[in-house]
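Below is one structure; the comments refer to it alone.
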Amino acid sequence: MRSLHRRFLRIVAEVLQPIGSRRGIDGSGADRRRGLIVELTEKDRQLLALMQKNAREPVASLARQLGVSRTALQERIQKLEAGGVIEGYAVRLTREAAQNSVHCFTFAALNNKSYPDVSRKIKAMASIQAVYAITGEWDLIIHVAAETLEKLNREVNALNEIGGIVKTASHVVMETKFNRNIYAAL
């Protein structure tokens with residue numbers, strides 16, 4: 104059962120973690136998903152932190168802040184993109200623009216034999232924003248978002264109906280105090 108649990112954790116780490124937070128299974132900064140190895144330097148980490156604050160910052164400005172040439176920085180960004188460290192760029196909505204959605208974090212305990220099936224079913228649900236494999240009494244934290252409380256309730260009920268989920272506990276977000284959208288794991 105433990106090997107099945109470890110296998111599921113690898114599946115979750117590869118498939119269900121949010122874009123930008125994926126790391127090698129061994130916890131290193133190297134990206135091994137596509138057979139490529141990109142070791143992150145301190146400058147890379149500084150660059151990624153700046154880009155996560157503002158991905159539209161001009162390369163020349165980033166280069167000045169980091170004390171490197173524009174050409175060298177552009178090449179490094181391309182290497183990080185090709186190596187799978189930077190998987191894409193996204194838009195962050197203001198609180199006012201996002202206020203029409205209701206968020207919930209659902210803790211889920213799973214039956215060990217059902218991990219692959221549960222993973223596929225959760226991934227297919229459009230309302231699921233992120234899934235985190237965790238230690239302790241619970242196996243997963245599932246971030247669910249919906250337009251209304253009624254729709255959120257339907258989505259949480261749908262989670263509860265997935266075979267292999269033994270029990271859940273849901274917590275609705277009342278207010279977001281702050282959100283850096285920066286993955287400290289980098």
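Numbering (my numbering), first residue to last: 104 to 289.
For every residue, glycine included, the Cβ atom is placed at its ideal position computed from N, Cα and C.
The model shown is predicted, which means the values in this text are computed figures rather than measured ones.
Which same chain residues, not among the five before or five after CYS207, have their C-beta less than 7 Å away from its C-beta?
Position 104 of the sequence shown, counting from 1, holds the residue named residue 207. Within its own chain, the residues whose Cβ lies closer than 7 Å to the Cβ of CYS207, once the five positions on either side in sequence are excluded, are VAL247, LEU255, VAL259, SER273, HIS274, VAL275, VAL276, listed in chain order.
By the DSSP assignment, the beta strand (DSSP E) with LYS270 in it spans what residues?
In the sequence shown, the residue the question calls residue 270 occupies position 167. For LYS270, the enclosing beta strand (DSSP E) has its first and last residue at 268 to 275.
TYR235: which of MET228, GLN181, SER222 sits nearest, CA to CA?
As a working note, residue 235 is residue 132 in the sequence shown. Ranking the options by Cα distance to TYR235, first place goes to SER222.
Looking at the unbroken alpha helix (DSSP H) that takes in ALA185, where does it start and where does it end?
As a working note, residue 185 is residue 82 in the sequence shown. Residue range 173 to 185 is occupied by the alpha helix (DSSP H) that includes ALA185.
For ALA233, the three-state DSSP class (helix, strand or coil):
To locate residue 233, count along the sequence shown from 1; it is residue 130. DSSP places ALA233 within a strand segment (E or B) once states are collapsed to three.
Please classify ILE245 as buried or exposed, where buried requires at least 16 other C-beta atoms within 10 Å of its C-beta.
Position 142 of the sequence shown, counting from 1, holds the residue named residue 245. Around the beta carbon of ILE245, a 10 Å sphere encloses 16 or more other beta carbons of the protein chains shown; the residue is thus reported as buried.
Identify the residues that DSSP records as bridge partners of PHE208: which are they?
The residue labelled residue 208 in the question sits at position 105 within the sequence shown. Beta-bridge annotation (DSSP): PHE208 is paired with HIS246, HIS274.
On the DSSP bridge list, what partners appear for LEU213?
If you number the sequence shown from 1, residue 213 lands on position 110. The partner list for LEU213 (beta bridge, DSSP) reads ILE268.
Quick check on ASN260 - is its C-beta less than 8 Å from some C-beta in chain C?
Protein chain content of the structure displayed is limited to a single chain, and chain C is not contained in it.
Over what stretch of residues does the alpha helix (DSSP H) that includes ALA158 continue unbroken?
Against the sequence shown, residue 158 aligns to sequence position 55. Taken as a continuous stretch (DSSP letters only), ALA158 belongs to no alpha helix (DSSP H), as it is neither H nor E.
Rounded to whole angstroms, what's the CA-CA distance from ALA211 to ALA175? Just pull it up for me.
Residue 211 sits at position 108 when you count from the first residue of the sequence shown. Residue 175 sits at position 72 when you count from the first residue of the sequence shown. In this structure, the alpha-carbon of ALA211 lies about 45 Å from that of ALA175.
Backbone CA spacing between TYR218 and ASP242 [nearest angstrom]:
Here residue 218 is taken as the residue at index 115 of the sequence shown, counted from 1. Here residue 242 is taken as the residue at index 139 of the sequence shown, counted from 1. Their Cα atoms are separated by approximately 10 Å.
Flag this pair as yes or no: are the beta carbons of VAL205 and ALA249 separated by less than 8 Å?
In the sequence shown, residue 205 corresponds to position 102, counting from 1. In the sequence shown, residue 249 corresponds to position 146, counting from 1. Yes; because the gap between Cβ atoms is below 8 Å, this pair is in contact.
Measuring alpha carbon to alpha carbon, tell me which of LYS182, VAL269, SER230, ILE268 ends up nearest THR251.
The residue labelled residue 251 in the question sits at position 148 within the sequence shown. The shortest CA-to-CA distance from THR251 to any of LYS182, VAL269, SER230, ILE268 is the one to SER230.
Hey, quick one: how far does the alpha helix (DSSP H) through VAL259 stretch, first residue to last?
As a first step, residue 259 must be located in the sequence shown, where it is residue number 156. Segment 252 to 263, the alpha helix (DSSP H) holding VAL259.
Would you please state the rounded distance, in angstroms, between the beta carbons of VAL45 and ARG173? I believe it to be under 8 Å.
The displayed coordinates of the chain run from 104 to 289. Any statement about residue 45 would go beyond what the structure contains.
Length of the line joining the Cα atoms of LYS280 and GLU253:
Along the sequence shown, read from residue 1 onward, the residue named residue 280 stands at position 177. Along the sequence shown, read from residue 1 onward, the residue named residue 253 stands at position 150. Going by the C-alpha atoms only, they are around 24 Å apart.
With a CB to CB cut of under 6 Å and the five nearest residues on each side skipped, what residues in its chain are close to GLN232?
Taking the first residue of the sequence shown as position 1, residue 232 is located at position 129. Contacts found: HIS246, ALA248.
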